[in-house]
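Under the working numbering, read the sequence shown as residues 5 to 328, first letter to last. Here is the structure we will look at.
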Amino acid sequence: MQAQPRPAYNSIPTKTHFFVHIAKYKPIDEKKGHIGRDDVVRGLLKVAREVSDALSCGDPVVALESTIISHGMPYPQNLQTAKDVEAIIRENGAVPATIAILDGVPCIGLTDEQLERLAILGTKAQKTARRDIPHIIANGGNGATTVSATMFFASMVGIPLFVTGGIGGVHRHGEKTMDISSDLTELGRTPVAVISAGVKSILDIPRTLEYLETQGVPVAAYQTHELPSFFTESSGCKVPCRLDTPEQCAKLIYSSLSYGLGNGILITVPIPNEHAASGNLIESAIQRALKEARPCKISFVGGEGSGLKEGNSMIHTENISYIP
């Protein structure tokens, strides 16, 4: 019987649970043992039993970041959202693997107690990109993984699929500041497929696509020809590849990973139509803030966005999509 839809936050960009179908797609020789590489990671990380068993059996596993829990919303909403997202993945036949560093130990898959601890820590847990991993581990710290760190750890244990919200990109005026998210370089060197709601419109989306091309990263959009921009269905930027079914997504991922190209893949999924109006409201606020900030040479987009908290401001945390 079909599970009832439940609200999710934007790090699970959806119209369907298609990413679980992708995770289940395995036209491979399972005897090769390309996942669950316990001999590589023993002593370096802690892999949850549920995740380890799934990897050993070749069952689908979906990686999740943890920055959205610590930095994306307040407690206890962050905890409930994290549990809801994991439940959605389980209901659709896959195993969730939320990734974080706790007491200096990278954890692949969190218990309910660990999720609650991270949710309570909030911003006291350090936002962790690839560059931050060594010193957080060395100092026994707590780190909430961003896209780049989550991809790194997912690849380390053989999880080929990671679902997140908006990825980072080239910042506006990045040609002068060289402010480029490590998410993009990670996509260029780590063989993990990233399912995302696109690139946030506050960034320079055309230059982000150019940088991904330089990194050799395949970029595709689900059931559209344009790259979505997190809150809205379209950024106005064409993508080189359109995918219309979960099977097409899975075949693209398999083609890239099985030939050892060494890079990741970005598959973007636009916001569902029923939430587009709310997304457009947030987008208009972002554009207004950018316009007002430009002559002042300041950045206060975060403040402008937080001004929408009454009503639709938290769309990215709970109402943006429903997963059947």
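Ideal Cβ positions, reconstructed from N, Cα and C, are used throughout, including at glycine.
Next item on the list: Answer yes if the segment 257-265 comes into contact with the segment 224-243, meaning at least three C-beta pairs across the two stretches below 8 Å, and no otherwise.
Entry: no
Next item on the list: Please say whether residue 71 and residue 194 have beta carbons closer to each other than 9 Å?
Entry: no
Check: Can you round the beta-carbon distance between residue 156 and residue 134 to whole angstroms, since I take them to be within the 8 Å contact cut?
Finding: 5 Å
Notebook entry, point to check: For residue 127 versus residue 74, is the C-beta spacing smaller than 9 Å?
Noted result: yes
Notebook entry, point to check: What separation, rounded to the nearest whole angstrom, lies between the Cα atoms of residue 224 and residue 132?
Noted result: 26 Å
Notebook entry, point to check: Which class does residue 234 belong to by DSSP, given the choice of helix, strand or coil?
Noted result: coil
Next item on the list: Could you check what DSSP says for residue 292 in three-state terms: helix, strand or coil?
Entry: helix
Notebook entry, point to check: The beta strand (DSSP E) with residue 131 in it runs from where to where?
Noted result: 130-132
Next item on the list: For the segment 188-207 and the segment 269-277, state whether three or more C-beta atom pairs, one from each stretch, are separated by less than 8 Å.
Entry: yes
Check: By Cβ distance below 6 Å, which residues in the same chain neighbour residue 86 in space, the five residues on each side in sequence not counted?
Finding: 73, 119
Notebook entry, point to check: Can residue 192 and residue 167 be called in contact, C-beta distance under 9 Å?
Noted result: no
Checklist line | Under 9 Å between C-beta atoms of residue 203 and residue 173 | finding: yes
Notebook entry, point to check: For residue 234, which residues from the same chain have a beta carbon less than 6 Å from its beta carbon, with the 5 sequence-adjacent residues on both sides left out?
Noted result: 170, 201, 202, 204
Next item on the list: Confirm, please, whether the CB-CB distance from residue 163 to residue 3 is below 9 Å.
Entry: This structure leaves residue 3 out entirely; the chain is present only between 5 and 328.
Check: Does DSSP put residue 98 in a helix, a strand or coil?
Finding: coil
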